[in-house]
Amino acid sequence: QVQLVESGGGLVQAGGSLRLSCAASVGISPFDRMGWYRQAPGNQREWVAVITRGGSTNYADSVKGRFTISRDNAKNTVYLQMNNLKPEDTADYYCSGYTGYDYWGQGTQVTVSS
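The numbering of the sequence shown is our numbering, which starts it at 5 and goes up by one.
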C-alpha cells in the first residue's frame, strides 16, 4: 500500500525557515515524479514544486529562489526546504507522488506570522 507521510510543518516568523519531509512507504523510485502542493484557507490547492525521477526540478514563480525540493533515495524521503518564509506561504502543504495515478499525503500545516 502506498503511503506518503508529511512532517516538519509548524509556526514560524516571517523570514524564517522550515524543512518539510515526505516519507514514501514504497520508496521514491516507483514514482515518475514527486511534488509539493499547498492549500490556504478558502483557496484552491496549488502546485509548489516538483522533482522528477531524473532529478529535474521546477518551482512555482511564487516560491522560486526561496524553496528547494530535494530527495534522499536511501531514506525514501523527499524534502521541501523553505527559506525566507512570508505570511502568504501559510497553508497546508501536501506531498504528491505520480505513477500514472496521483498519491497524496495527509498534509502538514505551515503558519507564517508577520
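Where a beta carbon is used, it is the ideal one built from N, C-alpha and C, also for glycine.
Check, Outcome
"DSSP state of A78 mapped onto helix, strand, coil", "helix"
"Cβ neighbour criterion (16 or more within 10 Å) applied to Y105", "exposed"
"DSSP-derived helix/strand/coil call for D36", "coil"
"Three-way DSSP call (helix, strand, coil) for Y106 in this model", "Sequence check: residue 106 is Asp here, not Tyr. The answer is strand: DSSP assigns D106 an E or B state."
"Opposing strand residues paired with Q48 [DSSP bridges]", "BP columns for Q48 are empty, so no partner."
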